[in-house]
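For reference, the structure is listed below as structure tokens.
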Amino acid sequence: MKNTQYIVFTLLAGLLVTVAVVKLPISFSSEIPIPEDLDDLDLPSVHPDVEVVDTYEGQFSTDNAREDVARIEAALYSFHELTLKAELALGADAIAKIDNTSLEIQTIAFPNWLNTLTGTLAKQNYQIKKLEYALARKQFNLGEIERTTLESKQAQYIEARSDFQDFWRSLSIVD
């Protein structure tokens, strides 16, 4: 039995070396197609007046998320202003009993939370555009896409990289 296992192992090792050296195409299964974004998710509509694709591509887009971060920033600023006015009307002791009303939270945590969200969006967008550009270069080299598509992916990558670098350079962690 051990002798048979040794022979099978030796034959498999030899085959793998031959495939690696000669670079024979080897396939372990048929090619599995990659579904389009929504084809494999089976998502129900979350609102009767909004198509799934509109929610998926619109509400959960990077641009929309950035706009929402700006809205959250404005809301937090309003909350800070309201806290200051409420403290005058109700007193510091009453305000201290309410979460997120301390000066430390509002001047340190709020900006850092916003930086985390903004930075994560910029970083993820950069990483995605970098991967899309790398894929496009390979596809172009294989003749699968046109030069204009490659150039479009390159421009998107350059813009995302610049956006992330601009964010990073302007970043200030509040302490």
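Sequence positions in the sequence shown follow this note's numbering and run 17 to 191.
Don't be surprised by glycine CBs; every beta carbon is placed ideally from N, CA and C.
Assign residue i to buried or exposed, taking buried as 16 or more other Cβ atoms, counted over all protein chains shown, within 10 Å of its Cβ.
i, result
"Ala176", "buried"
"Phe76", "exposed"
"Phe180", "buried"
"Tyr142", "buried"
So, using beta-carbon positions, are residue i and residue j closer together than 7 Å?
i, j, result
"Thr134", "Val85", "yes"
"Thr99", "Thr117", "yes"
"Leu137", "Glu89", "no"
"Leu68", "Ser61", "Rather than Leu, the amino acid found at residue 68 in this sequence is Val. In this structure, Ser61 lies closer than 7 Å to Val68 by Cβ."
Just the Cα atoms here: how many angstroms apart are residue i and residue j?
i, j, result
"His63", "Gln170", "36 Å"
"Leu104", "Lys139", "41 Å"
"Arg82", "Thr165", "26 Å"
"Glu52", "Asp79", "21 Å"
"Lys39", "Leu158", "In this predicted model, Lys39 has a pLDDT of only 44, less than 50, meaning its place in the structure is not dependable; the value taken from the coordinates is given anyway. Cα to Cα, Lys39 sits roughly 18 Å from Leu158."
"Phe183", "Thr132", "11 Å"
"Ile121", "Lys101", "17 Å"
"Asp192", "Tyr93", "Lying before the first or after the last residue shown, residue 192 is absent from the chain, which here runs from 17 to 191."
"Gly107", "Thr123", "19 Å"
"Gln128", "Leu187", "Reading the sequence as shown, one finds Asn at residue 128 and not Gln. Their Cα atoms are separated by approximately 10 Å."
"Arg163", "Lys146", "17 Å"
"Leu57", "Lys113", "44 Å"
"Asp55", "Asp65", "21 Å"
"Leu59", "Gly74", "15 Å"
"Ile161", "Ile144", "19 Å"
"Ile42", "Ser178", "Here the model assigns Ile42 a pLDDT of 45, short of 50, so the residue's position is not dependable and the matter cannot be decided."
Measure from the alpha carbon of residue i to the alpha carbon of each residue in the options, then state which is nearest.
i, options, result
"Tyr149", "Glu167, Thr132, Val69 and Thr136", "Glu167"
"Ala152", "Tyr173, Leu92, Leu57 and Thr132", "Tyr173"
"Ala125", "His96, Ala110, Leu147 and Gln143", "His96"
| query | In the segment 96 to 173, which residue ranges form an unbroken alpha helix (DSSP H) of at least 4 residues, counting only runs that do not cross its ends? | reply | 108 to 112 and 126 to 157
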